[in-house]
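FYI, in my numbering the residues of the sequence shown are 1 to 664.
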Amino acid sequence: MRNPFADPSNSEARPTQGMAVDVGFTLDWASAEARHRECLFLPWLEPERDRWPGDLGAALRGWGAGAAHEASRETAAALVPQEEPDRVLELPASAFNRDLRRHRRVEPHAGRFYPRAFLAGHAGIEAGDRELFRIGALEGDHLVADLNHPLAGHDLRLQARVMARHEVGRDDERTVDVARLLTASGPGMQARWRGRPTDFWVDGALGREDPESDAVFYAAPRRVHHLDATARAEIAALYSACIPVGARVLDLMSSWESHLDRVESPEAVIGLGMNAEELADNPRLTSSLVHDLNLRPELPYATASFDAVVCTASVEYLTQPEAVFRAVREVLRPDGVFMVTFSDRCFPTKAIAVWGRLYDFERMGLVLDLFLRSGFKDLATWSLRGLPRPADDPYAGRLDHADPVFAVWGALPVSREVCIIGVDCATQPRKTGLARASWSGDQIRLEEARRAHPSEPVADVLCAWMSTPNPVLLCLDAPLGWPAALGQALSGHRAGEGIAEAADAMFHRHTDRVIRARLGKRPLEVGANFIARMALAAVQLLQELRARSGLAFALPQSAGPINESAAIEVYPAALRRLRGWDDRAAVHSGLVATFADPMPNLADVTDDVQDAVLCVLAGADFLRGRAVGPSTDELVLAEREGWIWSADPDPLLSSESGAPRRAS
Numbered sequence: 001m002r003n004p005f006a007d008p009s010n011s012e013a014r015p016t017q018g019m020a021v022d023v024g025f026t027l028d029w030a031s032a033e034a035r036h037r038e039c040l041f042l043p044w045l046e047p048e049r050d051r052w053p054g055d056l057g058a059a060l061r062g063w064g065a066g067a068a069h070e071a072s073r074e075t076a077a078a079l080v081p082q083e084e085p086d087r088v089l090e091l092p093a094s095a096f097n098r099d100l101r102r103h104r105r106v107e108p109h110a111g112r113f114y115p116r117a118f119l120a121g122h123a124g125i126e127a128g129d130r131e132l133f134r135i136g137a138l139e140g141d142h143l144v145a146d147l148n149h150p151l152a153g154h155d156l157r158l159q160a161r162v163m164a165r166h167e168v169g170r171d172d173e174r175t176v177d178v179a180r181l182l183t184a185s186g187p188g189m190q191a192r193w194r195g196r197p198t199d200f201w202v203d204g205a206l207g208r209e210d211p212e213s214d215a216v217f218y219a220a221p222r223r224v225h226h227l228d229a230t231a232r233a234e235i236a237a238l239y240s241a242c243i244p245v246g247a248r249v250l251d252l253m254s255s256w257e258s259h260l261d262r263v264e265s266p267e268a269v270i271g272l273g274m275n276a277e278e279l280a281d282n283p284r285l286t287s288s289l290v291h292d293l294n295l296r297p298e299l300p301y302a303t304a305s306f307d308a309v310v311c312t313a314s315v316e317y318l319t320q321p322e323a324v325f326r327a328v329r330e331v332l333r334p335d336g337v338f339m340v341t342f343s344d345r346c347f348p349t350k351a352i353a354v355w356g357r358l359y360d361f362e363r364m365g366l367v368l369d370l371f372l373r374s375g376f377k378d379l380a381t382w383s384l385r386g387l388p389r390p391a392d393d394p395y396a397g398r399l400d401h402a403d404p405v406f407a408v409w410g411a412l413p414v415s416r417e418v419c420i421i422g423v424d425c426a427t428q429p430r431k432t433g434l435a436r437a438s439w440s441g442d443q444i445r446l447e448e449a450r451r452a453h454p455s456e457p458v459a460d461v462l463c464a465w466m467s468t469p470n471p472v473l474l475c476l477d478a479p480l481g482w483p484a485a486l487g488q489a490l491s492g493h494r495a496g497e498g499i500a501e502a503a504d505a506m507f508h509r510h511t512d513r514v515i516r517a518r519l520g521k522r523p524l525e526v527g528a529n530f531i532a533r534m535a536l537a538a539v540q541l542l543q544e545l546r547a548r549s550g551l552a553f554a555l556p557q558s559a560g561p562i563n564e565s566a567a568i569e570v571y572p573a574a575l576r577r578l579r580g581w582d583d584r585a586a587v588h589s590g591l592v593a594t595f596a597d598p599m600p601n602l603a604d605v606t607d608d609v610q611d612a613v614l615c616v617l618a619g620a621d622f623l624r625g626r627a628v629g630p631s632t633d634e635l636v637l638a639e640r641e642g643w644i645w646s647a648d649p650d651p652l653l654s655s656e657s658g659a660p661r662r663a664s
């Protein structure tokens, strides 16, 4: 990961006398989701006077520009207090003072950060306490407040490099707390709390103060710099470090400059923006197109046509960000990189509402969340703060520091061969259909399709099929959850009492209603009839497979290639509706045309075996990223009730024969 302090102007690292030093710090750490690097420039530090973590000040004493010191693990660990379980508090939800702010009501959300004053009166917290805490979980009348530092519990690596040395010290009497400056302004806030998604996408998160069409807002060319020269140069250097030589690059939300000047020998740089005049003035672009992503989040380019996509100082204006991220994934080549950079400046009336509610490092968490939901891999975040503002900048003299730079990036997973197993679930083995196929991204080969035998447990067959070095995608035609309203209504119910909940809410899940709205076909009521027994059998089978195979079979949050084994719920009837296969003969001919040769004879298979094969095809749609997942607002409910993964009923959706997806 790029170190902006690796090449100081004076690279001679020899002992030098002087009272003060300019130091560039890099703090590296990792969360369950990504790698992270925080870069901070602190000028005029005094090794003899200031408060340093561990022996860091003594180590830098006397060294000239270019000298670097890797802090010990003990010194790095001392940057933040140790994680303490008793600083994770379980409180009633009413402990959060929603009316603390005089002019607006503040609602708490899981994963977000707030000043401790919102909890004043609890756990010894006083009114006016501005230290931040995190709401770990919020369910009903129960709240979990984590008072630990967001970096607590992480393995930290700290490096300091002397960038310059001054013969005299500062002309003030203050003492600089170096550890606090390194850690107090947000590092760690971009990671999820214990792996749980943060509730970013609630309370009108995607609304904007100015609802006027973007075409009107960007009608006239602006030709202004949105960031200062130092920040622009650092973004250009970061792009150069991450984008390979000879890459074909897409510059999303482009304008009259692209910050891609240092990318070496690109094959092409394609600009997609809102103003034709600005795009025409951009010397870096080889071609451009005016395209409003807030109206049409689809990208008008062929699948796998770019090695890199960048989005600079613009992600906060996307009103359909997840759809755009998924569209980027479609146009990237395997292992291609998507880089998003931003600062703390924007047009506030055009930024989505949630952007203005977040701290800077939380904004990195929001962008990271979009990458996670969209199925990217090798995720990283990067921050750079504290560099001096350029002397010729209009704000020089009023602002000490250059605009901070925040970046998040990830790569498109390389398509590996995946073993897809389809199971048409039933409570009896003799009625259970099974199918196995191999998928490599460009073709799918059906290897076996049959009914389970009464004398052979289904789990035995599946465990044998899963004996492969490749990831396994298990596609189950069975509900994997029950309606949330059903459990809530019955948990305290007594015989003979009335129930206020409507029958449809109790017996159908949210995903069932979504499928009906999209495809005009509703799955069976898991809460009301025999399908509940099949659901129970399915989750018991899944648990047995986890125990016997050692595979986690996690339920994914987004469609796309997988590197670890996963399980999804599918609905063969929806696939038949999507493909227009109205009867058994149409299904048979469709399957023959779909799978690569050689393939088993499917002419006389039973309905349950045919459905198992359709489960496999639904799995292929999932791996290609065509299956529609829950929206950000639906995710929490989907994690509880389950989700049916089905392709979108777009008549121009890519077919198995390779027809192009719609270009808008």
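From the three backbone atoms N, C-alpha and C, an ideal C-beta is built for every residue, glycine too.
What are the residues that DSSP puts in a beta bridge with residue i?
{"i": "Q159", "result": "T26, E70"}
{"i": "S288", "result": "G271"}
{"i": "Y114", "result": "F133"}
{"i": "I515", "result": "Beta-bridge pairing links I515 to no other residue."}
{"i": "A95", "result": "DSSP output for A95 lists no bridge partner at all."}
{"i": "P388", "result": "H401"}
Have a look at residue i and residue j and give me their C-alpha separation to the nearest angstrom.
{"i": "E33", "j": "F338", "result": "16 Å"}
{"i": "Y571", "j": "L474", "result": "13 Å"}
{"i": "L614", "j": "D477", "result": "9 Å"}
{"i": "S655", "j": "A647", "result": "Low confidence applies here, because S655 scores a pLDDT of 34, under 50, leaving its location unreliable; read the following figure in that light. Spanning the two alpha carbons is a distance of roughly 11 Å."}
{"i": "A247", "j": "S415", "result": "20 Å"}
{"i": "E668", "j": "V405", "result": "Residue 668 is absent from the model: the chain starts at 1 and stops at 664."}
{"i": "A603", "j": "N275", "result": "57 Å"}
{"i": "A500", "j": "L490", "result": "11 Å"}
{"i": "A396", "j": "F41", "result": "17 Å"}
{"i": "E417", "j": "E639", "result": "27 Å"}
{"i": "S657", "j": "A620", "result": "Because the pLDDT of S657 is 32, which lies under 50, any placement of that residue in the model is unreliable, and the question is left without a value."}
{"i": "S383", "j": "V324", "result": "23 Å"}
{"i": "P561", "j": "P334", "result": "10 Å"}
{"i": "V592", "j": "R577", "result": "17 Å"}
{"i": "R345", "j": "F553", "result": "42 Å"}
{"i": "T183", "j": "I125", "result": "21 Å"}
{"i": "H493", "j": "L635", "result": "28 Å"}
{"i": "Q540", "j": "I531", "result": "14 Å"}
Locate the alpha helix (DSSP H) running through residue i, then write down its first and last residues.
{"i": "P43", "result": "No alpha helix (DSSP H) contains P43, which is instead part of the beta strand (DSSP E) from 35-45."}
{"i": "M534", "result": "531-549"}
{"i": "I499", "result": "Run containing I499: none; DSSP gives neither H nor E here."}
{"i": "S240", "result": "229-242"}
{"i": "T594", "result": "584-594"}
{"i": "R522", "result": "No alpha helix (DSSP H) contains R522, which DSSP labels as neither H nor E."}
{"i": "F200", "result": "No alpha helix (DSSP H) contains F200, which DSSP labels as neither H nor E."}
{"i": "R640", "result": "635-641"}
{"i": "P572", "result": "572-579"}
Going by Cα to Cα distance, which pick from the options is closest to residue i?
{"i": "P43", "options": "H122, R98, A164", "result": "A164"}
{"i": "L555", "options": "R546, A567, E544, S549", "result": "A567"}
{"i": "E322", "options": "F342, V526, L299", "result": "L299"}
{"i": "R546", "options": "L446, A484, D460", "result": "D460"}
{"i": "G136", "options": "G121, D171, R87, H103", "result": "R87"}
{"i": "V514", "options": "G625, A574, A464", "result": "A574"}
{"i": "V423", "options": "L412, A437, P413", "result": "A437"}
{"i": "D129", "options": "R389, L100, L151", "result": "L100"}
{"i": "G188", "options": "G24, A20, A484, R363", "result": "R363"}
{"i": "N294", "options": "S343, A351, V340", "result": "A351"}
Grab me the residues of residue i's own chain with a C-beta within less than 6 Å of its C-beta, minus the 5 sequence neighbours each way, in chain order.
{"i": "D177", "result": "R51"}
{"i": "V328", "result": "V309, F338"}
{"i": "E330", "result": "T303"}
{"i": "R35", "result": "A380"}
{"i": "D307", "result": "A247, R248, R333, G336"}
{"i": "N3", "result": "T26"}
Looking at the secondary structure, which residues open and close the beta strand (DSSP E) in which residue i lies?
{"i": "I421", "result": "418-424"}
{"i": "T381", "result": "377-385"}
{"i": "C346", "result": "Segment: none, C346 is in no beta strand (DSSP E) and carries neither H nor E."}
{"i": "F306", "result": "306-312"}
Just to confirm my understanding: we take residue i, look at its own chain, exclude 5 residues before and 5 after, and list those with CB closer than 8 Å. What are they?
{"i": "G580", "result": "A586"}
{"i": "A537", "result": "C425, A426, T427, A478"}
Skipping 5 residues on each side, what residues in its chain have a beta carbon closer than 7 Å to that of residue i?
{"i": "E74", "result": "G54"}
{"i": "G271", "result": "D251, S254, S258, L279, N282, L285, S288"}
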